[in-house]
Amino acid sequence: MLRRPRTTAKVYTEPTTDDDDFDDMTGSQKDDSEELDEWLPKLKEGKAKEGKTQKGTDGSTEKKKATKRVAKPKVPKPKAERKPRAPRVPKAKKEKPNTEQQNEDTVLLKPESQRHVTIKEERLSINLSSNNVPVPEDNDDVPDEGPSSSQPFSKVKKEEPDDSFTFEEPVQKKQKTSDGAQGRPIRLKSVGSILEDLQMNWDPIRVLSEKAGVAQWVCMNVAQLLEEENTIPFMVRYRKELINHMDADAVRDVQQTLEELRSVAKKSRSVAQTLKKEGVLTSELEMALKNCTTADEIEHVYAPYKKGSKLSKARRAKELGLEPVALALLHSPQTLNLHASIQPNTKGLSSLEEVATGVQEILAYMIAKDKETLTYVQSLCDRSAVTIHSAVSKTALKEQQSQQADQKSKPKDIAKFSLYTDFTCDVQRIQHHQTLAINRGENLKILTVKVNIPDWVKNDFCRWCVNVRWRPQGYAQPELMSILNNAAEDSYKRLIIPFLNRGYRTKLTAGAEKESIAMFVRNLRQRLLMCPVRGRVIMGVDPGFYHGCKLAILSPTSQIVHTDVVYLHGPAKEREADKLRHLMFKYSCQTIVIGNGKACRETEAFFADLIKQRFFSPMDVSYCITDEAGASIYSVSPEAVKEMPDMDPNLRSAVSIGRRVQDPLAELIKIDPKHIGIGTYQHDVSQSLLRAALDGVVQECVSFVGVDINICSETLMRHIAGLNAGRARSIMEWKEKNGPFFNRDQLKLVKGLGPKSFQQCAGFIRINPETVRSIDFGGNEDPEVTQKQTAEKRKVKGSANISNDFNPLDQTCIHPESYSIALRFLTQVAGRLDQMGSSALRQSIESSVRSSGLDVLAKSLNTTPETLQLIVDGLTQPPGFDIRQNFEQADFKREVVSMNDLHDGMVLTGRVTNTALFGAFVDIGVGRSGLIPKRFITPEKLPVDQRRRSLALGPGERVEVRVMNVDIQRNRITLDLIRVLR
Numbered sequence: 007m008l009r010r011p012r013t014t015a016k017v018y019t020e021p022t023t024d025d026d027d028f029d030d031m032t033g034s035q036k037d038d039s040e041e042l043d044e045w046l047p048k049l050k051e052g053k054a055k056e057g058k059t060q061k062g063t064d065g066s067t068e069k070k071k072a073t074k075r076v077a078k079p080k081v082p083k084p085k086a087e088r089k090p091r092a093p094r095v096p097k098a099k100k101e102k103p104n105t106e107q108q109n110e111d112t113v114l115l116k117p118e119s120q121r122h123v124t125i126k127e128e129r130l131s132i133n134l135s136s137n138n139v140p141v142p143e144d145n146d147d148v149p150d151e152g153p154s155s156s157q158p159f160s161k162v163k164k165e166e167p168d169d170s171f172t173f174e175e176p177v178q179k180k181q182k183t184s185d186g187a188q189g190r191p192i193r194l195k196s197v198g199s200i201l202e203d204l205q206m207n208w209d210p211i212r213v214l215s216e217k218a219g220v221a222q223w224v225c226m227n228v229a230q231l232l233e234e235e236n237t238i239p240f241m242v243r244y245r246k247e248l249i250n251h252m253d254a255d256a257v258r259d260v261q262q263t264l265e266e267l268r269s270v271a272k273k274s275r276s277v278a279q280t281l282k283k284e285g286v287l288t289s290e291l292e293m294a295l296k297n298c299t300t301a302d303e304i305e306h307v308y309a310p311y312k313k314g315s316k317l318s319k320a321r322r323a324k325e326l327g328l329e330p331v332a333l334a335l336l337h338s339p340q341t342l343n344l345h346a347s348i349q350p351n352t353k354g355l356s357s358l359e360e361v362a363t364g365v366q367e368i369l370a371y372m373i374a375k376d377k378e379t380l381t382y383v384q385s386l387c388d389r390s391a392v393t394i395h396s397a398v399s400k401t402a403l404k405e406q407q408s409q410q411a412d413q414k415s416k417p418k419d420i421a422k423f424s425l426y427t428d429f430t431c432d433v434q435r436i437q438h439h440q441t442l443a444i445n446r447g448e449n450l451k452i453l454t455v456k457v458n459i460p461d462w463v464k465n466d467f468c469r470w471c472v473n474v475r476w477r478p479q480g481y482a483q484p485e486l487m488s489i490l491n492n493a494a495e496d497s498y499k500r501l502i503i504p505f506l507n508r509g510y511r512t513k514l515t516a517g518a519e520k521e522s523i524a525m526f527v528r529n530l531r532q533r534l535l536m537c538p539v540r541g542r543v544i545m546g547v548d549p550g551f552y553h554g555c556k557l558a559i560l561s562p563t564s565q566i567v568h569t570d571v572v573y574l575h576g577p578a579k580e581r582e583a584d585k586l587r588h589l590m591f592k593y594s595c596q597t598i599v600i601g602n603g604k605a606c607r608e609t610e611a612f613f614a615d616l617i618k619q620r621f622f623s624p625m626d627v628s629y630c631i632t633d634e635a636g637a638s639i640y641s642v643s644p645e646a647v648k649e650m651p652d653m654d655p656n657l658r659s660a661v662s663i664g665r666r667v668q669d670p671l672a673e674l675i676k677i678d679p680k681h682i683g684i685g686t687y688q689h690d691v692s693q694s695l696l697r698a699a700l701d702g703v704v705q706e707c708v709s710f711v712g713v714d715i716n717i718c719s720e721t722l723m724r725h726i727a728g729l730n731a732g733r734a735r736s737i738m739e740w741k742e743k744n745g746p747f748f749n750r751d752q753l754k755l756v757k758g759l760g761p762k763s764f765q766q767c768a769g770f771i772r773i774n775p776e777t778v779r780s781i782d783f784g785g786n787e788d789p790e791v792t793q794k795q796t797a798e799k800r801k802v803k804g805s806a807n808i809s810n811d812f813n814p815l816d817q818t819c820i821h822p823e824s825y826s827i828a829l830r831f832l833t834q835v836a837g838r839l840d841q842m843g844s845s846a847l848r849q850s851i852e853s854s855v856r857s858s859g860l861d862v863l864a865k866s867l868n869t870t871p872e873t874l875q876l877i878v879d880g881l882t883q884p885p886g887f888d889i890r891q892n893f894e895q896a897d898f899k900r901e902v903v904s905m906n907d908l909h910d911g912m913v914l915t916g917r918v919t920n921t922a923l924f925g926a927f928v929d930i931g932v933g934r935s936g937l938i939p940k941r942f943i944t945p946e947k948l949p950v951d952q953r954r955r956s957l958a959l960g961p962g963e964r965v966e967v968r969v970m971n972v973d974i975q976r977n978r979i980t981l982d983l984i985r986v987l988r
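Throughout the sequence shown, residue numbering follows my numbering, covering 7 to 988 in sequence.
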């Protein structure tokens, strides 16, 4: 008995690597048997998935069918009886079990070489049989999309088994739609408009679902919400039930995929218009363009017609009138006479050989453009070991030889790519950082890159073309079969191989860019959400040798108290130390923040020595090292000049360094994310995609943290969801003219802030009464008088409908659209607004939720459990709650360690400073970050909630590590991860 095909489990492996930045790190990927299974048993896998709920009843029947399939392949194939393929498509929607049985029988009677393509066509026809969007059912085959940004309630968040975990691959974003609380599909106008806008032959929602790995109803909702100009932070926090609790990264991925589909449709229309102007657009060509789902497919169809390129061989042969001859060879070869096409005075038709060559070129073109043929050759490649190889280019070798003779010229740095001068790897197993490194070497003309496809693919493909797909419908003379054979080989070598190579390179590059950008996003998010150090006077130090160390003393509210320059590494350092002590006593400063630039180690040693001598006694002084990347760029930016107009740029850097610890989010958003020193290969990825992703995560972080509208800067305000530079400027002007905001409703009075903008930004804006009372207007500090004066001003504007009273809910994450629900819920639990954040109200709410359940309470309030959970969070969180308090804070220390103090096996604690595609860099306090190679970051060393993240470490996380190797000459430290500290 033949057992049913089963999917191969993915196993994590530990490849060997070097410590270089371009280390050859390979991880868990599919083995060869799994790659074979990916193509062959897809129909069975599909049946297993679709009939999962019927396993108990249908299991035995399926096994009998599987046994039946073994017995029949050797039976003679009655091709004539099975000519029509139509029975595969109908009834696919109505009677799935019967359709599958019919399809299976069809496949059994097909020739062995046709079986692969037929299976794929059957699966595609089933998908295309209906454009209806499925209502979420118990689809147990759909993996989890990940947690949302706010605190989920217990019924929604369900831990998924980790058997699908692939540590080397990004997390799949598909989610169990049955377990998502009240996830409900909606049929909206914009979905129809998407269909109309794209004007393609495929359903955009279905293709979007396949490409993004998200259920169709979720894709429909996301497309509609984006069409209505909703921002991603708003969707993730206030529309969870519509997006099935996806996180911001997953929604952003769907958005990006939708934009890609739009660009494909736009390019298809543009190419069709161009071909129409040239007079070469046929109905078949237009149909082929409308069937394309990627830019590569459009390029493949359009390549022979591109203006400026030389006329293709097939087009020249068609212009000579040989296309009917080529079609006759396929449809009626017994009546074809090539001699009848000879025209002695016409070039290209003057001899039998020229006529045969022309026919061959037309056939080669037809083969290369046929979708079923391309699908089949792709299936062969999927089952073979396709490799990518890189080597030193001849140009680089010649330049190196000439530059060695001429010592004045700068040599080409081939050594940087030493790992890739003779590198071969399977395209299914190559790591993302390896792909980007190879691409960089190729762009610098140091490396040449080639995709190698095994020879057996060509032999199998040509045999299939001649005997199956392009087999003449009748008896063909040997010379005609020779033309067909030559056409298949020519098509493969000249047209199909370049197409496959481009496809592999594009796919590898797109995947590597996507993962690199995702790494940037994760690193930036963790850097921005580091816990602020509040309530301390801080001294920011920008270290230096000859120009001295620049100091900036900042108040607990980040106001600049004092700036100075001290020369700690000169002959008068004792006098400078006394000066430092005087400043620290004068301003009660006990915390020092040192930038990690030039002279950092020497400056750290200076302060550590003073602390060890108790030089600042009785004050308990400590210091920390922070990343100063981007500080010098910011110090000369227009924003810095506007904020600190009369200050030296070097002193501005010291201010920026200090504020990065006091409030990382507020300071780092002033700097271009690409200059903060996170991620790798930032210049090798799509700059537009990188910019969009980084801007999106900045908006997400600023919005989720929340902004006190009355004290935040204009720079911070413009990153709130729903706002931009113009609206932020209008809000600042309104405040300057009318005073502070007393409630969120007053935002509606700002010019240019319409209903949609208000809806998007209101939930992320905070109104803190304490802040308003601390603001002095015209010397009047009485808040009641101030409020009356402001009210008088606003009456002139005709704003009588908007109250000037404080609303306690404006301090919370609850959206104004849910205020009425929140008040009714407070009445149910016998609570009051003035009790918000108190233990008494928290206990009352928890008791009510425990006794009745969140779903029942939500139903009684005519709302969703997601909205009620957000209301519960807002009412129970203390005033001034900051989500960053659960994130890591800067490490402060009092002594210094050097690389010479390290030895193999030493266990240390450190903080992740940056993560790359090949490992994580950790600051262990020796002035040089150590590298944890990717092979040492294994799932069992990570907390459960981090095991599904790619690489699973990010900047700011505290880790315990073991020193594996110290290379003082190369200034490198190799570490092993022991555990993540919480």
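C-beta: ideal position from N, C-alpha, C; glycine also.
Burial check for M293: the Cβ neighbour count within 10 Å stays below 16, so the residue is exposed. Secondary-structure assignment with DSSP links R772 through a beta bridge to D714. As a beta-bridge residue in DSSP terms, G925 pairs with A922, P939. The DSSP-derived three-state label of F429 is strand.
Relative to G664, the option among G546, E649, Q765 whose CA is nearest is G546.
Of the candidates A605, F622, S845, F622 places its Cα closest to the Cα of Q596. Rounded to the nearest whole angstrom, the C-alpha separation of E448 and L759 is 49 Å. Taking all protein chains in view, the Cβ of K947 is crowded by 16 or more other Cβ atoms within 10 Å, so the residue is classified as buried. Residue nearest to P775 within the set N716, E720, T721, H821 is N716 (criterion: CA-CA distance).
Runs of alpha helix (DSSP H) with 4 or more residues, each lying fully within the region 722-778, are found at 731-744, 761-768, listed in chain order.
In the structure shown, N602 falls within a coil segment according to DSSP collapsed to helix, strand and coil. Spanning the alpha carbons of D259 and A218 requires a straight line of approximately 7 Å. In this chain, C387 is not harboured by any beta strand (DSSP E); it is covered by the alpha helix (DSSP H) spanning 377-388. Boundaries of the alpha helix (DSSP H) around G517: 503-534.
The three-state secondary structure of R540, taken from DSSP, is coil. Taking a cut-off of 8 Å on C-beta distances, the region 560-576 touches the region 602-613, as three or more cross pairs fall below it. DSSP places V220 outside both helix and strand once states are collapsed to three, so it counts as coil. For V572, the beta-bridge partners assigned by DSSP are C555. By the neighbour-count criterion, in which a residue is buried when 16 or more other Cβ atoms sit within 10 angstroms of its Cβ, H588 is exposed. Counting other Cβ atoms within 10 Å of its Cβ, P761 stays below 16 and is therefore classed as exposed.
Here the alpha carbon of S561 sits roughly 8 Å from the alpha carbon of G541. Nearest Cα to A516 within the set A926, V913, R978, Q693: Q693.
Bounds of any beta strand (DSSP E) do not take in N445; it lies within the alpha helix (DSSP H) bounded by 438-449. Residue pairing from DSSP leaves N810 without any beta-bridge partner.
For D982, the enclosing beta strand (DSSP E) starts and ends at 978-986.
About 5 Å separates the beta carbons of V918 and L959, which is inside the 8 Å limit, making them a contact pair.
Beta-bridge annotation (DSSP): G546 is paired with A558, V599.
In the three-state reduction of the DSSP assignment, V969 falls in the strand class, which pools E and B. By the criterion of at least three beta-carbon pairs nearer than 8 Å, the region 669-676 is not in contact with the region 216-230.
For L876, the enclosing alpha helix (DSSP H) has its first and last residue at 871-882.
For V472, no alpha helix (DSSP H) encloses it, and the DSSP letter there is neither H nor E. In the displayed model, Y629 falls within a strand according to three-state DSSP.
Using a 10 angstroms sphere on the CB of Q205, the tally of other CB atoms stays under 16, which defines it as exposed. Counting every other CB atom within 10 Å of its CB across the protein chains shown gives G285 a total below 16, marking it as exposed. Annotated as distal: L881 and L700, with beta-carbon spacing of 8 Å or more.
C-alpha of R275 to C-alpha of N507: approximately 26 Å in a straight line.
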